[in-house]
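Asker:
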Amino acid sequence: MRKSLLFTAIWLCMLNFTLGQSETEPNNNAGQANTLLYNGMQNGTISEPDGSDWYKINLPIGGVLKLLFISDGGPESNIYIADSTNTGSTIGFASFGFQAHKRDSIIIPLLKGTYYVFINHSRGGGSYSITSSLQVLQYPEDNEPNNTFDKAGVLNANGNVTGLMGHYSPNVKGVDPSDWYKLKVDKGGVIKLLFLSDGGPESNIFISDSMNLGSSLGFASFGFQAHKRDSIIVPLLKGTYYVFINQSRGSGSYSITSSLQVLQYPEDEEPNNSFNNAGVLHINGNGTGLIGHYSPNVKDFDPSDWYKLTVDKGGVIKLLFLSDGGPEANIFISDSMNLGSSLGFASFGFQDRKRDSITVPLLKGTYYVYINRSRGSGSYSIQSFFTLPNWPEDIEPNDDFMHSGLLAENSTISGLINYYNPAKKDYDPVDWYTLNVTKKGLIIIRLQSDGAVESNIYLVDSLHLNGSIKYANFNFKEKTQDSLVALVEKGRYYMVIYRSRGSGAYKANFKFLLPPKADFDYVQNNTRIVFENKTIRGDEYIWNFDDGSPNVASVNPMHEYAEPGDYDVCLIAKNRAGQDTSCARVFVKGLSRVFPNSGGNTGDVTFAVFGGGLDTFYKVSLAQNGITVVQSLSVAAGEKGSLAASFDLRGKVEGIYDVVVSKTGENPYILPGGFTIKKGLTPDPWIRINGRNRILFNTWTTYTVEYGNNGNVDASVVPAWLVFERTPGFDLKFVNVNFQDQDPDESMYVDLDSLSSRPFNFRVYPLLLPVIPPGEVGSFKINVKTGQNIKMYALDRKTVVSVTSQR
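Numbering (my numbering), first residue to last: 7 to 813.
(1) Does GLY714 come out as helix, strand or coil in the three-state DSSP assignment?
(2) Within a Cβ cutoff of 6 Å, which residues of the same chain sit near ILE419, ignoring the five residues on either side of it in sequence?
(3) So, do the region 260-270 and the region 278-290 have three or more beta carbon pairs nearer to each other than 8 Å?
(4) Exposed or buried, what is PRO81 when buried is set at 16 or more other beta-carbons lying within 10 Å of its beta-carbon?
(5) Can you tell me where the beta strand (DSSP E) holding VAL592 begins and where it ends?
(6) Tell me, to the nearest whole angstrom, how far the beta carbon of ILE238 is from that of VAL196; I am working on the premise that it is less than 8 Å.
(7) How should TRP706 be labelled, buried or exposed, when 16 other C-beta atoms within 10 angstroms of its C-beta is the threshold for buried?
(8) Give the straight-line distance between the Cα atoms of TYR315 and LEU368, rounded to the nearest whole angstrom.
(9) Can you list, in chain order, the residues of its chain whose CB lies under 6 Å from that of ALA614, leaving out five sequence neighbours each side?
(10) Less than 8 Å between the beta carbons of SER90 and ALA100, yes or no?
(11) Under 8 Å, do GLY332 and SER385 count as touching if we go by C-beta distance?
(12) Name the residue from GLY632, GLN637, ILE633, GLN630 whose alpha carbon lies nearest to the alpha carbon of TYR624.
(13) Nearest to SER254 by alpha carbon, out of SER184, LEU296, LEU189?
(14) Please list the terminal residues of the continuous beta strand (DSSP E) segment that includes ALA492.
(15) My output table needs one value for HIS107: the three-state DSSP class, helix, strand or coil.
(16) Out of curiosity, what's the CA-to-CA distance linking ASP488 and PHE516?
(17) The beta strand (DSSP E) that contains VAL196, what's its start and end?
(18) Using the rule of at least 16 other Cβ atoms within 10 Å of the residue's Cβ for burial, across every protein chain shown, is ARG816 buried or exposed?
(19) Please return the same chain residues whose Cβ sits closer than 7 Å to the Cβ of SER214, not counting the five positions on each side in sequence.
(20) Helix, strand or coil for ALA726? Go by DSSP, reduced to three states.
(21) At which residues does the beta strand (DSSP E) containing VAL466 begin and terminate?
(22) If you drop the 5 nearest sequence neighbours on each side, which residues of the same chain put their C-beta closer than 7 Å to that of THR444?
(23) Can you check DSSP and say which residues form a bridge with THR708?
(24) Leaving out five residues before and five after ASN218 in sequence, what residues of the same chain have Cβ atoms less than 7 Å from its Cβ?
(25) Going by Cα to Cα distance, which pick from ILE388, TYR500, ASN126, ASN539 is closest to TYR271?
(26) Comparing the CB of TRP706 with every heavy atom of the ligand GTP, is any distance shorter than 7 Å?
(27) Would you call SER762 buried or exposed, if buried means 16 or more other Cβ atoms sit within 10 Å of its Cβ?
(28) If we ignore side chains and look at the alpha-carbon of each, how far apart do ASN481 and GLY457 end up?
(29) Going straight from the alpha carbon of GLN530 to that of VAL561, what length do you get?
(30) Nearest CA to the CA of ASP400: which residue from SER390, ILE423, SER383, PHE392?
(31) Helix or strand or just coil, what does DSSP make of MET171?
(32) For the region 275-330, which segments carrying the beta strand (DSSP E) assignment without a break, of at least 3 residues, lie completely within its bounds, in sequence order?
(33) Considering only the alpha carbon of each residue, which of LEU326, ASN715, PHE124 lies closest to GLY98?
(34) Please return the same chain residues whose Cβ sits closer than 8 Å to the Cβ of GLN357, not counting the five positions on each side in sequence.
(35) Per DSSP, which one or two residues make a beta bridge with SER209?
(36) How far does the beta strand (DSSP E) with ILE701 in it reach, from first residue to last?
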């Protein structure tokens, strides 16, 4: 473009270059002015009759016009140049002064336009010549008028303008003091304005916001030949700006080249420099922006950008921040309810730190991400990555027993621990859950974590909140599973999860296990029985068939009995919550044995008949060769289905007899050779006390009283005495002993002070044992308490047994 303009100027010079011409009279005023080419020569004469000569110069382009005036020394004249629109005001002056001053010139910077050169005669007369030469400057002139913002020219964001500064402008009727250009920036970036001059002007150059013209965003200057080049680099957001040049001294031409550097990341929507006009950053979204750029909306350089982040459910937010290396900035995330507190921090540090991130666990809420610029300017990107936890969040608040959540039986709950909770303006360090237990049983809580948290978990009794029943824990990825298992009574309990380190998700499955309920049925075929287990909630089983055989752990066993009898079969069912026992008596009918199996023929003999299915409706007899020899006097129920049969064997023949047990309407049971009658022996009853020979004072101690009969006939109505030294604190209790015909108003003992005229400080308990069958050994328990050493005896008619106990 410059070459084209230069060729045009040269061509114009050639057109306007002619040999000097003589003036044409009359040319005494502007209306009669001769034409003076701007690169030409004009000859003329001036004398007293000819008061003045006028010449018109048309400048098609601006430049520096030099007018050289030469006279023959005859005239004395004043020479002027004036704007054609304002001839009353001159803009240049020269003169002739006879022989002493024959030569003068006017050099003046002019913008394009029409001008008048006129010579006013003073004295004398003579001839003169005017030579006109126009110096076209380095850079073409601008379009005038553009000396105010409302008349500003246009400078494109990536464009160039040129102009002249300090030249006379017909449009302003004065020297052009300033040039204004409107710069429209359609997208944010860094604008670079390169200013070049031809070395002529001294000027100050500014850029300002169209909304705030009184404030300068950048400054440059020209300083004649020494300072011909300068620039302004300023980061700008989208908007309209003005570039203006103010002339200080001199004149000349200039060039302005504008280049807009669009940055790596697009600008943000302004204004967004506070929380109440924040932009929106979506979950799993992206935002970009410019920081430290001038914003017309805020009439200042943009110091901060705010973004609103809405989290609909708990999770981990990762914010990745990238910059182009231009800005130094600090980045924060905060709770909308607590803006003064930062939940995370990142930063940019020019080229050294162009990347940073914030990772923070958040519960549902509204948050703000904001960038505060420290130094520099540039563009940035924010990427939001939201990771949902493995399991859903819990319902807050549940951080103490009064606000605990419910962990119902046979249910699964999940939650997040140490996530930021806007409701409490803090991280959530603990979660409480209530367990309502309606029966005794086993609490089983299976716990699982996502491996991101270290936590301690406690099972707590509501009546003892400061203690724990059971404990479990998570240890990041090293331990992600554990359990709480406890046997508890009916009541209210709490599961409490305390965070130690990290943040993560957990899951808890609660099952309540009741102890088993044992039950069974059976099908019998003679001595073989098949058992059907009907237990509820059993895991392990133990069967006891009550016949001395080993216990069986089968679920549904089959058992065969070796001999008849009444058997108490017991099933013990177990699970982790406890055990239960169910027993049933099965009857294997028939006879197995009698005891004693012999007796004397000098008195009554009582023996026990053992078998299965026996009751007191049966009669017992002794027979030989199918003939009954003796019938029982009485039949009574014995232990565990046995029968106690009494016989009068006086005078009966010694020998071996069959035992026959019969009942009307049923086949008899026969035990061949089951009983032997022998020669009778006198009854020989005895009694003794067995137990420790040491006793704890003032503490109940148990002793066993044993009795028996060494004869082979019944010992009937046997007297016995239990004798105890009366010591301080002495007391005695019979344990599970049935007394017949006892008078409740009478004492069971007699206190004695003497015996056979000798001191005898003892307490005597007299007893009568109704019948002691031959060979039988019976017993019962007594509890004794004393404050010191004691002597105790058991006496029958012929024996005294003494046991001395010492501490």
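Built from N, CA and C at the ideal position, the CB exists for glycine as well.
Answerer: Concretely, from the data shown:
(1) Note: GLY714 maps to strand in three-state DSSP.
(2) Answer for ILE419: LEU413, ALA514, listed in chain order.
(3) No: the two stretches stay apart, fewer than three of their Cβ pairs being nearer than 8 Å.
(4) Classification of PRO81: buried, given that the 10 Å Cβ count is 16 or more.
(5) The continuous beta strand (DSSP E) containing VAL592 extends over residues 584-594.
(6) So it is not a contact: roughly 11 Å between Cβ atoms.
(7) By the 10 Å Cβ count, TRP706 comes out exposed.
(8) Note on residue identity: the sequence assigns Leu, not Tyr, to residue 315. A straight-line Cα-Cα distance of about 11 Å links LEU315 and LEU368.
(9) Cβ within range, chain order: PHE601, GLY644, SER648, ALA650.
(10) It is not a contact, given that the beta carbons lie outside the stated cut-off.
(11) Yes. Within cutoff.
(12) Per the Cα distances, GLN637.
(13) Closest option to SER254, Cα to Cα, is SER184.
(14) Going by DSSP, ALA492 is part of the beta strand (DSSP E) stretching over 487-494.
(15) Correct three-state label for HIS107: strand.
(16) In a straight line, the C-alpha of ASP488 is about 13 Å away from that of PHE516.
(17) 195-203 is the extent of the beta strand (DSSP E) around VAL196.
(18) What the structure shows of the chain is the stretch from 7 to 813, and residue 816 is not part of that stretch, so it cannot be assessed.
(19) Short of 7 Å from the beta carbon of SER214, and not among the five residues preceding or following it, lie these beta carbons of its own chain, in chain order: SER221, SER222, LEU223, TYR247, TYR248.
(20) If DSSP states are grouped into helix, strand and coil, ALA726 belongs with the strands.
(21) It spans 459-467 - the beta strand (DSSP E) in which VAL466 sits, taken as one unbroken run.
(22) Excluding positions up to five away in sequence, the list reads LYS496.
(23) In DSSP, THR708 forms a bridge with ASN789.
(24) Closer than 7 Å at the Cβ level, and outside the excluded window around ASN218, lie LYS305.
(25) For the set ILE388, TYR500, ASN126, ASN539, the Cα lying nearest the Cα of TYR271 is the one of ILE388.
(26) Among the ligands in the structure shown, none appear at all, so the ligand GTP cannot be discussed.
(27) The residue in question, SER762, is exposed, as its Cβ has fewer than 16 Cβ neighbours within 10 Å.
(28) ASN481 and GLY457: Cα-Cα distance of roughly 7 Å.
(29) Taking the CA atoms as reference points, GLN530 sits about 17 Å from VAL561.
(30) With distances taken between Cα atoms, ASP400 lies closest to ILE423.
(31) DSSP places MET171 within a strand segment (E or B) once states are collapsed to three.
(32) Counting only unbroken stretches of 3 or more residues, the beta strand (DSSP E) elements lying wholly within the region 275-330 are 292-297, 310-317, 321-329, in sequence order.
(33) Considering only LEU326, ASN715, PHE124, the residue with the shortest C-alpha distance to GLY98 is PHE124.
(34) Only GLY331 meet the Cβ criterion.
(35) Note: SER209 sits in a beta bridge opposite PHE228, GLN253.
(36) No beta strand (DSSP E) contains ILE701, which DSSP labels as neither H nor E.
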